[in-house]
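Numbering (this note's numbering), first residue to last: 51 to 601.
In this text, a Cβ means the ideal position worked out from N, Cα and C, and glycines have one as well.
Heads up, the thing below is written out as structure tokens.
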Amino acid sequence: MEVDLPFSKSVELSVERAKAIVKSYAFRTEDVLETSSAAFWKMHTDPIMHIDGAAATFATIQVNLAAGTVSAYVKEQPYLKKTMEQILQFEVLAHYCLTEVGHGLDAINLETVAVALPGGGFDLHTPTSSAAKMMPPTAPCGMPSIAIVFAKLKVDNMDRGIRPFVVPITDQSSNVMSGVKIKLLPQRGGSAPVNHSITYFDHVKLPQSALLGSMAPLPSTPDAARANFLAVIWRAATGALALGSMGISALQRAAYITGRYSQQRKIGPAPSSNSIIYFRTQHTPVLVALAQATVSKEFWKSSIDMFTDLSLDSRERHAYATVFKTTVIHHSQTANLELSERLGARGLFQFSDITSQYNVLRGIAIAEGDILGLCIRLVSELLLGRYSLKPSTNPSSLLARHETGLLLDFAQVLKRGGHHRGESFNRFILPHCEKIVRAIGHRMAYDAAVNAGVDERVTGLYLAAAIKQDSAWYILGAGLTLADQYRQEDEAIEVALPCLNDWLDATCVEPYVQVPILTAEHWQAFLDQLPLFQNSERPNPGNSDIFYARL
């Protein structure tokens, strides 16, 4: 992050970096349409996405949300091929305008309206202040831009559901298009600057070709509006899995930075000083993060398989994305917070990279579906028996027993409460939904790693760390005393510790973590570039005496 750049210049630099990332993958329409494409998923796990969080934001919006949405309509609307080419070649900056100031998780109730005009075309309008589009970085940043805008389609005063429209936002000279009004939001704290904005449409006239899909009325079935909404925003579900995968490289980078720093950081008098990596409190979070990253990679692969399995119910496919994102982002946020503290005062600064990476993860936790909201919906559907997820391939494992135990316990709570929209559900199940989903995720991740033949030292440490997250249940539900848990964790760390160097090397993230604290040489080069303030005059003891006499 170039902290000395003015805001606008920093945004422009991040856009250029996003362009370089996207163009390096040379995406085709089928790469973003068919989510089985390896290139699509690989971009999101590329460690380069964490060098500049703003660039990662622009890149994933461009590829997944914008290009991904348009790709579904190219076959039926071939004139969209040009738009797709412009987006994938990054000739335009693309945005995704779904949620509104007054409608976040309940975006299905959005207010923006597109009225079909006699003779063709549409009138796009923001009817109230709460209908303004929230967050997309639409403020001018040096290149033309378009947006995929979601609005209620009205034909002859009849509501035909929420539909996506391609809307020009700025022209080649970065001038805002007629009828579009943009208010630039203040910067997010502690992360690379993104020109997040609030966007309004004042009776913007759109051609007929701006509509993605048909104008046909929705079926008369009770759930038609919801089914249509989920169909048109399907890239949000894809984004949950794609953005969640960024947690893997975040774990690797944080572990590598802290591990290498701890190996070269000495304490005690020279020459008998020791590296701080020796201490259990220092190497444990590094080893755990490395184990979680390795297991999460296998979890990621199995989750993609489930998500792209078209034979599964769409809700079930979305569920796998939710479980993955919830679990891996929690691993990453927890690790980044703890590892930044293991760097002492240096961990507070953005130059250590871990603090700024943590703030990126906070954004990911909200983007493409707020984790808590996703978990509430998933747990509700599972407890109501609307569908189920594939059972464990290691049903006798502690993590599988934990998952089963929690689901059975809360199913009884629901049964006693009587209704999933009742007060009992609100008080006794909602606060635990994220914990339940993480329990499912721990089991799925462990299963994936064991089935893939991952080193038992890795899976053993992952297991011990997962148990710590709900220690009380394992005492009561599995008869695993605290002493047993401590011993199990200690044994897992002891067998993993000799692997530390190899595990750090295996991350392959060194080229992406060239931060000042990595080595003594890095630190000295950093110091040499800092602004220097000193008295250039020759010292005069008399002057200092006068100064202190005046105090």
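Anticipated Cβ contact below 8 Å, residue i with residue j, distance rounded
i	j	result
Leu293	Ala417	6 Å
His452	Asp520	7 Å
Ala166	Val216	With 8 Å as the limit, Ala166 and Val216 do not qualify as a contact, their Cβ atoms being about 16 Å apart.
Thr288	Gly118	6 Å
Ala122	Leu83	6 Å
Leu115	Asp420	Leu115 to Asp420, Cβ: 16 Å. No contact.
Val151	Ser180	5 Å
Ser87	Asp81	4 Å
Met93	Ala109	7 Å
Pro566	His572	5 Å
The beta strand (DSSP E) enclosing residue i, as first and last residue numbers
i	result
Ser195	Ser195 to Val205
Ser247	Ser247 to Phe251
Lys255	Val254 to Leu256
Cys147	Leu143 to Cys147
Phe172	Phe172 to His175
Val113	Segment: none, Val113 is in no beta strand (DSSP E) and carries neither H nor E.
Val504	Here Val504 belongs to no beta strand (DSSP E), and DSSP marks it neither H nor E.
Val42	This structure cannot speak to residue 42, because the chain is shown only from 51 to 601.
Collapsed DSSP secondary structure at residue i in the structure displayed
i	result
Met208	strand
Phe583	coil
Met296	helix
Thr377	helix
Phe401	helix
Ile479	coil
Asn225	coil
Ile567	coil
Phe215	strand
Thr443	coil
Glu418	coil
Thr605	In the structure as shown, the chain starts at 51 and stops at 601, and residue 605 therefore has no counterpart that could be examined.
Met494	helix
Ser406	helix
Leu262	coil
Thr188	coil
Thr271	coil
His572	helix
His470	coil
Continuous alpha helix (DSSP H) stretch holding residue i: start and end
i	result
Ile232	It is not in any alpha helix (DSSP H) - Ile232 instead sits in the beta strand (DSSP E) that spans Val230 to Leu234.
Ala281	Ala274 to Val282
Lys132	Leu130 to Leu138
Lys125	First-last for Lys125: undefined, no H or E at that position.
Val244	Premise fails: Val244 is in no alpha helix (DSSP H) and is neither H nor E.
Asp459	Leu448 to Gly467
Tyr524	Ser521 to Ala528
Ile354	Arg330 to Phe357
6 Å CB neighbourhood of residue i in its chain, flanking five on each side removed
i	result
Pro190	Thr220 and Ser224
Glu257	The question names Glu, but residue 257 in the sequence shown is Pro. Taken in chain order, the residues that qualify are Gly171.
Tyr370	Ser353, Met356 and Phe357
Asn278	Gly211 and Leu268
Leu55	none
Asp497	Ser442, Thr443 and Asn444
Phe597	Only weak support exists for where Phe597 lies, its pLDDT of 38 falling under 50; the coordinates are left without a value.
Val345	Ala495, Ala499 and Tyr512
His145	Pro186, Thr188 and Ala197
Leu424	Thr372
Ala341	Val508, Leu511 and Tyr512
Ser474	Gly467
Beta-carbon contacts of residue i that lie in its chain and below 7 Å, excluding the five residues immediately before and after
i	result
Asp136	In the sequence as displayed, the identity of residue 136 is Gln instead of Asp. For Gln136, where only same-chain residues beyond five positions count, the Cβ hits under 7 Å are Val142.
Gly397	Ser390, Glu391, Ile404 and Thr405
Asp209	Lys202
Ala300	His100, Ser382, Asn386, Gln407 and Leu411
Arg67	Asp102 and Ala105
Cys549	Arg507
Met184	Thr149, Glu150, Val151 and Ile248
Thr79	Ser121, Val124 and Met134
Own chain residues within Cβ distance below 8 Å of residue i, not counting five before or after
i	result
Leu547	His333 and Leu337
Asn409	Gly103, Arg238, Gly239, Gly240 and Ser241
Asp252	His175, Thr176, Gly229, Val230 and Lys231
Asp359	Arg367
Ala489	Leu449, His452, Glu453, Leu456 and Asp520
Leu532	Ser521 and Ile525
Gly318	Asn324
Pro243	Phe57, Ser60, Val61, Ser64, Ala104 and Gln237
Distance cut-off 8 Å: residue i Cβ against heavy atoms of the ligand SAH
i	result
Asp505	Although the ligand SAH was asked about, the structure shown includes no ligands whatsoever.
> If you scan the segment 530-564 from start to end, which runs of the alpha helix (DSSP H) of 4 or more residues do you find wholly inside it?
Replying inline: 532-546 and 550-556
>> Which complete alpha helix (DSSP H) runs does the segment 55-123 hold, if anything under 4 residues is left out?
In response: 57-74, 79-83, 88-95, 103-110 and 118-121
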